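Novice:
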Amino acid sequence: FFNRIKCIARQDNGQSKLLLTFFQVTLVLSVLGLANAYSLKLDYYKKSCPSAKHIAKAITKNYISRAPSLAAALLRLQFHDCFVRFFIYQQRMRWSVLLNSTQHNIAERDASPNLSVRGFQVIDSVKEALEKKCPGVVSCADILALVAREAVSLIGGPYWPVPLGRRDGRVSIASEAFTNLPSPSFNITQLKASFASKGLSDKDLVVLSGGHTIGIAHCPTFSDRLYNFSGQGGTDPTMDQNYIVALKKKCQPGDSTTLVEMDPGSYKTFDAHYYTLVSKRRGLFQSDAALLTDSATNAYVHLQATTDGCTFMEDFAESMVKMGQIGVLTGSSGEIRKQCSTIN
């Protein structure tokens, strides 16, 4: 917290006051959130499967060493898994992006927002190893949380505590992905509402958006900004014109296969360069550009852009802990799957 105060002090007076309030409110909310963490514990598997974390780390390291781009995929996988939940008859239901579709149900992973999600093989490999070591003990939800943490840390990101004890949901419905996942075309009002509905703050929104410092995107996720902004034709006036020219060379109208780096030049390294790009109006998605349209999120973007991300790593770690606690199932709810892609 004191490191954050030092960073904030570098800003002008107006932004300093705004950012200080931003951090103070978030600190209070974080404390309240941790006090209601649904009985998750850091040492949950200390007796039942003491090697769980080590196995998850070793297998993840093996994959990331061979394919560093999987780190972004695994981070996105956890984000999508955490954000989709639902309430039926006042009971919290936990959907799962890990479940396969069946003959009678199209699962969340086959919804269009998730068709480019990958990294399932890493989760399955960890699960297979843990089932041999500790059968029926470690949930797929916990494995995903551990693997995402390990993957990010292996490419230069922070290492955050992962409270454990989640159980796996038994339901996965494609339509819930559309309802719960924030779209890359969202404006700031929509983004705030989406994150608030999950118990996340405006600061969590701008911090977790920093996850776009790694990874790639298909042209259709942002092509409207190049060719048909707001359905009126033309380009997005909030995007840097030179960046538009560069993107048009990569993405022709109708191109649905080309991949573009979200953080050109360092898309395989977890750093704060994303905020520098956004501050220069070079955020790839409309949701990235939206961060500049709100005074508090704008101030955070410029804080990280002008201080080489002085609080970003610490902030990202805290927000990931919070996100990992969204709608978790514990106790006798759900199940411990034997295979992550199917219910027992």
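One rule links them: number in my numbering = place in the sequence shown (from 1) + 570.
Beta carbons: idealized from backbone N, C-alpha and C, even for Gly.
Just so we're clear, the structure is a prediction, and the values are computed from it rather than from any experiment.
CA-CA distance, alanine 842 and leucine 778?
Specialist: Walking along the sequence shown from the start, residue 842 turns up at place 272. Walking along the sequence shown from the start, residue 778 turns up at place 208. Alanine 842 and leucine 778: Cα-Cα distance of roughly 11 Å.
Novice: Thinking C-beta only, is alanine 622 closer than 8 Å to valine 717?
Specialist: What you label residue 717 is simply residue 147 of the sequence shown in a count that begins at 1. What you label residue 622 is simply residue 52 of the sequence shown in a count that begins at 1. Judged by their CB atoms, valine 717 and alanine 622 are not nearer to each other than the 8 Å cut-off.
Novice: State whether the segment 731-742 contacts the segment 838-856, with contact taken as three or more CB pairs (one from each stretch) at a distance under 8 Å.
Specialist: Between the segment 731-742 and the segment 838-856 there are fewer than three C-beta pairs closer than 8 Å, too few to call the two in contact.
Novice: Could you give the first and the last residue of the continuous alpha helix (DSSP H) run that contains isoleucine 814?
Specialist: Residue mapping note: residue 814 aligns to position 244 of the sequence shown, counting from 1. Isoleucine 814 -> alpha helix (DSSP H) spans 811-820.
Novice: Going by DSSP, which residues form a beta bridge with glutamate 831?
Specialist: Counting from one through the sequence shown, the residue named residue 831 turns up at place 261. Ile786, per the DSSP bridge assignment.
Novice: Kindly indicate the opening and closing residues of the alpha helix (DSSP H) around phenylalanine 653.
Specialist: Taking the first residue of the sequence shown as position 1, residue 653 is located at position 83. Here the alpha helix (DSSP H) through phenylalanine 653 covers 640-653.
Novice: Out of curiosity, what's the CA-to-CA distance linking alanine 763 and glutamine 691?
Specialist: Here residue 763 refers to the residue found at position 193 of the sequence shown. Here residue 691 refers to the residue found at position 121 of the sequence shown. Taking the straight line joining both Cα atoms gives about 33 Å.
Novice: Just to confirm my understanding: we take asparagine 757, look at its own chain, exclude 5 residues before and 5 after, and list those with CB closer than 6 Å. What are they?
Specialist: Taking the first residue of the sequence shown as 1, we reach residue 757 at position 187. Counting only Cβ-Cβ distances below 6 Å, and skipping sequence neighbours, we find Ala860.
Novice: Any idea which residues DSSP pairs glycine 804 with across the strands?
Specialist: Taking the sequence shown and counting its residues from 1, the one referred to as residue 804 is at position 234. Note: glycine 804 is bridge-paired with Asn798 in the DSSP secondary-structure output.
Novice: Throw me the rounded Cβ distance for the isoleucine 786 and leucine 847 pair, which I believe falls under 8 Å.
Specialist: To locate residue 786, count along the sequence shown from 1; it is residue 216. To locate residue 847, count along the sequence shown from 1; it is residue 277. With a Cβ gap of about 14 Å, isoleucine 786 and leucine 847 do not count as contacting.
Novice: For isoleucine 814, I'd like the list of residues in its chain whose CB is within less than 7 Å of its CB, leaving aside the five on either flank, ordered along the chain.
Specialist: As a first step, residue 814 is located in the sequence shown; it is residue number 244 there, counting from the start. Excluding positions up to five away in sequence, the list reads Leu796 and Thr805.
Novice: Contact between the segment 626-636 and the segment 713-728 is defined here as three or more beta-carbon pairs at a separation below 8 Å; is this criterion met?
Specialist: Touching, per the Cβ criterion.
Novice: Find out if the Cβ-Cβ distance for the pair glycine 803, tyrosine 845 is shorter than 8 Å.
Specialist: Taking the sequence shown and counting its residues from 1, one reaches residue 803 at position 233. Taking the sequence shown and counting its residues from 1, one reaches residue 845 at position 275. Result no, Cβ atoms of glycine 803 and tyrosine 845 do not sit closer than 8 Å.
Novice: Assuming the contact rule is C-beta atoms closer than 8 Å, alanine 766 and arginine 736 should be a hit. Round their C-beta distance to whole Å, please.
Specialist: Within the sequence shown, the letter at position 196 stands for residue 766. Within the sequence shown, the letter at position 166 stands for residue 736. Actually they do not touch by this definition, with Cβ atoms about 22 Å apart.
Novice: List the DSSP bridge partners of glutamine 909.
Specialist: By 1-based counting over the sequence shown, the position of residue 909 is 339. Bridge partners of glutamine 909: Thr912.
Novice: Which first and last residues belong to the alpha helix (DSSP H) in which alanine 718 is found?
Specialist: For the purposes of this step, residue 718 is identified with residue 148 of the sequence shown, where counting begins at 1. Residues 710-724.
Novice: Can you give me the Cβ contacts of leucine 597 inside the same chain, cut-off strictly under 6 Å, excluding the 5 residues immediately before and after it?
Specialist: Here residue 597 corresponds to residue number 27 of the sequence shown, with the count starting at 1. Only weak support is given to the placement of leucine 597: the predicted model assigns it a pLDDT of 46, under 50, and the value that follows is read from those uncertain coordinates. Excluding positions up to five away in sequence, the list is empty.
Novice: Using the Cα positions of histidine 545 and serine 618, report the straight-line distance between them to the nearest angstrom.
Specialist: The displayed coordinates of the chain run from 571 to 914. Any statement about residue 545 would go beyond what the structure contains.
Novice: Between isoleucine 906 and leucine 669, is the Cβ-Cβ spacing less than 8 Å?
Specialist: Numbered from its first residue, the sequence shown carries residue 906 at position 336. Numbered from its first residue, the sequence shown carries residue 669 at position 99. No, they are not a contact pair.
Novice: Is serine 857 closer than 8 Å to leucine 770 when the C-beta atoms are compared?
Specialist: Taking the first residue of the sequence shown as position 1, residue 770 is located at position 200. Taking the first residue of the sequence shown as position 1, residue 857 is located at position 287. No; because the gap between Cβ atoms is not below 8 Å, this pair is not in contact.
Novice: Quick check: is any heavy atom of the ligand PLP less than 7 Å from the C-beta of isoleucine 743?
Specialist: This structure does not include the ligand PLP; it has no bound ligands of any sort.
Novice: Please identify the residue among Ser686, Thr808, Ile625 and Met883 whose C-alpha is closest to the C-alpha of leucine 513.
Specialist: Nothing in the structure corresponds to residue 513, since the chain is present only between 571 and 914.
Novice: What's the gap between the Cα of methionine 883 and the Cα of glutamate 720?
Specialist: Taking the first residue of the sequence shown as position 1, residue 883 is located at position 313. Taking the first residue of the sequence shown as position 1, residue 720 is located at position 150. Taking the straight line joining both Cα atoms gives about 14 Å.
Novice: Terminal residues of the continuous alpha helix (DSSP H) containing isoleucine 625?
Specialist: On the sequence shown, position 55 is the one that residue 625 refers to. Start and end: 622-636.
Novice: Quick check: what's the CA-CA separation for lysine 768 versus proline 752?
Specialist: Here residue 768 is taken as the residue at index 198 of the sequence shown, counted from 1. Here residue 752 is taken as the residue at index 182 of the sequence shown, counted from 1. So the two alpha carbons sit approximately 11 Å from each other.
Novice: Alpha carbon to alpha carbon, how far is glycine 901 from valine 696?
Specialist: Along the sequence shown, read from residue 1 onward, the residue named residue 901 stands at position 331. Along the sequence shown, read from residue 1 onward, the residue named residue 696 stands at position 126. Roughly 23 Å between the two C-alpha positions.
Novice: Go through its chain and collect everything with a Cβ distance to lysine 611's Cβ below 8 Å, but skip five positions before and after it.
Specialist: Start at 1 with the first residue of the sequence shown, and residue 611 comes out as number 41. The answer, listed in chain order, is Pro733, Leu734 and Gly735.
Novice: Going by DSSP in three states, asparagine 757 sits in which element: helix, strand or coil?
Specialist: Taking the sequence shown and counting its residues from 1, the one referred to as residue 757 is at position 187. The answer is coil: DSSP assigns asparagine 757 none of H, G, I, E or B.
Novice: Pull up the CB-CB distance for alanine 643 and arginine 688, whole angstroms please, since I reckon it's below 8 Å.
Specialist: The residue you call residue 643 lines up with position 73 of the sequence shown. The residue you call residue 688 lines up with position 118 of the sequence shown. Yes, they are in contact, since the Cβ atoms of alanine 643 and arginine 688 sit about 5 Å apart, within 8 Å.
Novice: Extract the residue ranges of the alpha helix (DSSP H) inside the segment 837-886, only unbroken runs of 4 or more that lie entirely within it.
Specialist: 843-849, 856-860 and 865-876
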